[in-house]
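Each number in our numbering corresponds to the 1-based position in the sequence shown with 1 added.
Below: one structure, written as structure tokens.
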Amino acid sequence: MAQQHVYAVGRTGIGYGCTVDTGKLSDRASADLAENVTETETSAQQMRQPAEASGPQPGDQYKLVFASFMMLFVELALIRWVTSNNVYVTRATNFMLLASFLGIGIGFLNAKSTRDYLRWTPVALLALVGFVLAFPVILATLSGPSPLQGLRGTPALPQPVSLTLVFLLTAAVMIGIGQAVARIFVRFRPLPAYRLDILGSIAGIVVFSSLSFLNLPPAGWGVIAGCGLVVLLVPRVRWWQLIAVAGAVTLLILESVVPNQEWSPYNKLSIQEHGGSCRVITVSANNIPYQAARCLSSMHAVKPFYFYPYRHVTRASLNNVLIIGAGTGNDVAVALSEGARHVDAVEIDPLLPVIGRGHPNHPYRSPRVTIHQADGREYLQNTNKKYNLIVFALPDSLVALAGQSALRLESYLLTEQSLAAARSRLAPGGTFAMYNYYAPFLFDRYATTLTGVYHRAPCAEVGPPLGGRRLSVLTVHPGGPVPNCATYWHGARVAPATDDHPFPYLPSSTIPNSYLLMLGLILLGSLLLIRAGGGSFSRMRGYTDLAFMGAAFLLLETKNVVQFALLFGATWFVNALVFAGVLLAVYLAVETASRVRLPRPPVLYAVLIAALALAWVIPQESLLSLPMVARFLAGSALAFAPVFLANLVFAQRFADVETPGTAFAVNLLGAMAGGTLEYIALITGYHFILIVIGVLYGLAFVTGLRRRSGTQPT
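This is how it looks when you write it as structure tokens:
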């Protein structure tokens with residue numbers, strides 16, 4: 002739920018459960034709301050409209066499920082696809098998520114408006130797809146004055162221009178789809194609407210996860226999204242809308258048939274093969290140079306660091322070697338050439354070993370190699386095997402666990418606790434090594450971490466610089482000094498990354514100024530767009546508690562994604578399971594609320610805060626020592642009990658809302674604020690997020706109490 006990376010289910014379970022005003026406009030009201038009616042008059046008419054006796058029409062339940070499916074599916078697809086084509090967006094974490102939340106929120110604010118945003122959604126989608134493909138942002142080189150380029154070597158658009166247009170176009174697409182869902186949603190009573198929406202969201206998760214499993218390119222996503230959009234437009238679909246949808250789908254199909262390009266669940270992989278005496282296969286991931294599969298003679302000549310760890314071990318000792326981050330096979334080929342009798346090759350991206358079967362030295366065809374498709378930290382936690390040499394081989398995924406601040410797929414692999422887990426997997430006399438192109442502070446951070454874990458300074462071998470970074474190999478031997486080491490590390494100490502603060506690439510525990518500026522501009526621009534496209538803020542004031550609930554729930558879901566990434570691996574499959582688990586917890590809350598008389602709000606809030614307190618008292622790291630089944634049960638209980646209770650609170654609150662579209666929109670826009678508050682983890686770590694969640698739910702209770710006492714207008 003990469004970027005996807007597969008993330009964007011933050012809206013799910015945040016605001017679905019409102020009591021529905023089943024009113025519709027009378028003929029007179031419909032006439033009054035025709036063209037040339039001002040926004041103020043429109044709002045007044047909506048507040049005066051009579052209740053509708055008939056409720057939803059036959060088939061509306063299927064329409065709501067389908068529309069909800071489309072909303073979540075398109076949201077996930079856009080987050081994944083735009084990120085793969087624009088390096089700026091890759092760096093701007095939460096960017097696409099916030100744009101989607103904004104668009105859906107404005108769409109729900111217009112659930113009963115005469116403004117028809119859905120009719121323009123095909124044009125907005127075509128504009129977004131066309132812009133992203135016409136003006137991609139490509140990291141062409143890691144050094145030089147102009148590393149970022151557009152098509153065919155042209156200069157990339159300035160970052161503010163590119164991000165602004167992507168944000169606005171993404172929001173525009175989601176406004177129309179959000180309005181389509183809202184218009185059906187408000188025809189139902191609260192809990193039936195809630196239930197149907199959850200079913201549609203679950204379907205969205207299942208379908209998108211299935212496409213990821215099948216490694217389908219954007220053509221598959223585009224066909225589903227395009228056909229679904231046409232269905233939403235029926236029966237008022239126009240010829241120009243069909244042309245716009247066909248144009249967007251055609252562009253995605255053309256991108257999908259680009260030669261030498263594959264789509265894994267994590268990356269858009271561009272493969273190029275270069276001939277010569279020693280064939281080289283280069284791989285770019287999401288428009289960023291990533292890997293190059295080289296023959297052994299080429300690595301000896303231009304990449305000798307692959308062989309550095311083997312200076313410090315003997316061939317006779319290499320019974321079992323573990324390579325984490327095996328990629329296209331260079332490290333495995335070197336291990337085999339240096340005498341390894343068996344190699345366990347761990348790689349999280351399923352397509353990289355497939356590409357690696359074309360490696361010049363064919364390491365993955367060797368019977369001495371076993372390939373494990375897994376997260377590196379997950380493998381270390383679950384294996385009982387001992388190794389004579391463990392290598393962290395260039396573990397740099399370039400992929401963020403979208404929505405989790407600066408948390409990347411390999412972040413938990415590079416923490417102090419992970420390096421300690423690697424030490425525990427060393428056989429007597431074993432050796433650990435890690436190498437990559439490190440920034441100076443990062444080199445010192447990892448050396449500091451190894452010093453703390455092994456209680457001795459690692460052997461440091463430093464190579465040539467590359468774009469502000471320097472090739473470095475760190476080797477350590479727990480039994481004593483590293484054999485044949487010329488230089489030991491003696492640099493400045495930098496605090497290690499930890500499982501609670503898994504941000505190795507962040508120099509210090511602060512929010513970078515660039516993030517603060519981006520978030521400030523997004524929030525300011527969002528306020529302007531909400532006012533222009535959603536109407537007056539005065540009608541939202543009565544739902545302040547719902548805004549706090551939305552912010553808290555987004556953070557709660559983020560905490561769950563992070564927790565399960567640590568407990569079970571930072572894979573797309575684990576993310577999908579977490580999102581499905583959240584939806585199931587929400588569904589159970591809906592069923593409970595529809596069948597059981599709930600306690601008064603103070604009791605529900607008290608139990609919710611108690612569940613959060615229990616999660617605080619039992620840190621997630623303490624679960625790692627449990628067997629897999631016990632770890633799953635304990636982790637699920639700690640993660641999903643607060644989700645279940647939060648949705649009981651939410652369902653109870655929506656029992657008395659007067660304007661469900663507005664109430665949902667406020668809740669969702671509150672989730673946008675939660676997306677920005679998530680960056681607090683860069684300072685405090687993720688465990689502290691539980692405190693923030695508790696405070697937000699406390700504010701929701703207080704503001705809701707004011708509303709119930711009659712001091713706050715509704």
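Beta carbons: idealized from backbone N, C-alpha and C, even for Gly.
Quantities reported herein were computed from a predicted structural model and do not represent experimental measurements.
- For Met300, the closest of His360, Leu584, Phe136 and Leu624 by C-alpha to C-alpha distance is His360.
- In the assembly as shown, Asp657 is an exposed residue. Its beta-carbon has fewer than 16 other beta-carbons within 10 Å.
- Under the three-pair Cβ rule at 8 angstroms, the region 502 to 512 counts as touching the region 433 to 452.
- Gln180: member of the alpha helix (DSSP H) spanning Gln160 to Phe186, first to last residue.
- The beta-bridge partner set that DSSP reports for His275 consists of Val281.
- Three or more Cβ pairs closer than 8 angstroms define a contact, and the region 70 to 79 meets that threshold against the region 203 to 212.
- Between the alpha carbons of Val88 and Leu98 lies a distance of about 16 angstroms.
- Around the CB of Lys386, fewer than 16 other CB atoms lie within 10 Å, so the residue is classed as exposed.
- Excluding the 5 residues flanking it on each side, Ser473 has same chain C-beta neighbours closer than 6 angstroms at Tyr439, Phe444 and Val463, in chain order.
- For Phe433, the enclosing beta strand (DSSP E) starts and ends at Leu427 to Tyr439.
- Judged by DSSP in its simplified three-state form, Cys460 adopts strand.
- Trp241 and Pro137 have their C-alpha atoms some 26 angstroms from each other.
- For Leu522, the secondary structure class from DSSP, reduced to helix, strand or coil, is helix.
- Taking all protein chains shown into account, Thr84 has 16 or more neighbouring C-beta atoms within 10 Å of its C-beta and is therefore buried.
- Around the CB of Pro661, 16 or more other CB atoms lie within 10 Å, so the residue is classed as buried.
- Beta-bridge partners of Glu348 (DSSP): Gln374.
- Listed in chain order, the non-local C-beta contacts of Leu528 below 8 angstroms within the same chain number zero, local neighbours out to five positions each way being set aside.
- When rounded, the separation of the alpha-carbon atoms in Arg184 and Leu65 is 9 angstroms.
- Restricting attention to Phe569, Ala594, Asn648 and Ala652, the CA atom closest to the CA of Leu627 is found in Phe569.
- Within the DSSP secondary-structure output, Ala286 pairs in a beta bridge with Leu270 and Ile289.
- For secondary structure counted as the alpha helix (DSSP H) over 4 or more consecutive residues, the region 599 to 667 holds these complete runs in sequence order: 602 to 618 and 629 to 654.
- One alpha carbon belongs to Leu420, the other to Met435, and they sit about 10 angstroms apart.
- Residue state for Leu529 is assigned as helix, using DSSP reduced to three classes.
- A distance below 8 angstroms between beta-carbons, with the five flanking residues on each side excluded, links Ser637 to the following residues of its chain, in chain order: Gly582.
- Only residues of its own chain outside the window of five on either side were considered, and among them Cys279 have a CB closer than 8 angstroms to the CB of Ser298, listed in chain order.
- With contacts defined by Cβ atoms closer than 7 angstroms, Leu646 and Ala614 do not form a contacting pair.
- Exclusion of the five residues before and after Val335 leaves Leu297, Met300, Tyr307, Phe308 and Tyr311 as the residues of its chain whose Cβ lies within less than 8 angstroms of its Cβ.
- Residues of the same chain with a CB within less than 7 angstroms of the CB of Ala616, apart from the 5 flanking positions on each side, are Leu639, Pro643 and Leu691 in chain order.
- Taking 7 angstroms as the cut-off, the beta carbon of Val314 is found closer than this to the beta carbon of Thr432.
- Excluding residues up to 5 positions away in sequence, Gly177, Gln180 and Ala181 lie with their Cβ nearer than 6 angstroms to the Cβ of Leu119 in the same chain.
- In terms of Cβ geometry, Val591 and Tyr195 form a close pair [threshold 7 angstroms].
- Distance from Val231 to Leu243 at the Cβ level is roughly 7 angstroms; contact confirmed, criterion being Cβ atoms closer than 8 angstroms.
- Contact holds between the region 321 to 332 and the region 340 to 349, because three or more Cβ pairs, one in each stretch, are under 8 angstroms apart.
- About 22 angstroms separates the beta carbon of Val355 from that of Ala341, a gap too long to meet the 8 angstroms contact definition.
- Taking the C-beta atoms as reference points, Phe102 is found nearer than 7 angstroms to Ala672.
- In this structure, the CA atom of Leu649 is about 48 angstroms from the CA atom of Leu149.
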